[in-house]
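Before any comments, here is the structure.
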Amino acid sequence: MAGLTQDERISLLREVALFAGVGDEGLAAVAAKATEVVFEAGRTIVRQGEVGTGFFLITSGQARVIRDGRTLAELGPGQFFGELSLLDQQPRIAQVVAVTPTECLALASWDFEAILTSQPGVALAVLRGVARRLRAVSEEHSH
């Protein structure tokens, strides 16, 4: 990932379900604060039980979500993780491991929080995204 431009970052963010409905100003705020990070295959990106300091959006590659040794999900480009730990400052409930070389846009917790307080459209989109995940998990457990 040879240094994405601001416009390229905004384009990537626009395709992410979490940011559906967020205007250009909100996307630009996220894009400006995000850092590009690359993880080699097999590398742990976040560890279960650690307090999270980052939110990650996968731009290329594949990652696996594992809780207590069990694979919960496979994630790819446009998918994200780490938002719960940022919002509630509690330990991460799963670990995420790069399956292939994986490139992400990462946001530090303090930047994420600053964006949420200054960009109501982003805050609303994140709340909706978290609600969708919670609803999906709740429906899985009720069947």
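Numbering of the sequence shown is given in my numbering, commencing with residue 1454 and proceeding in unit increments.
No residue lacks a Cβ here, since even glycine has one placed at the ideal position from N, Cα and C.
| Asked | Found |
| --- | --- |
| Cα-Cα separation, V1549 to E1478 | 30 Å |
| I1463: first and last residue of the uninterrupted alpha helix (DSSP H) it sits in | 1459-1467 |
| 8 Å Cβ cutoff met for L1466 and F1508 | no |
| A1487 burial status per 10 Å Cβ neighbour count (16 or more: buried) | buried |
| Selection from V1491, G1502, E1536, E1503 that minimises the alpha carbon distance to A1516 | V1491 |
| Distance, E1461 Cα to A1551 Cα | 23 Å |
| Coil, strand or helix - I1511 by DSSP | strand |
| V1579 (DSSP reduced to helix, strand or coil) | helix |
| Stretch pair the segment 1512-1532 + the segment 1568-1580: three plus CB contacts closer than 8 Å | no |
| Contact check, P1554 vs E1493, beta carbons under 8 Å | yes |
| Range covered by the alpha helix (DSSP H) that runs through F1492 | Run containing F1492: none in the alpha helix (DSSP H); it sits in the beta strand (DSSP E), 1488-1492. |
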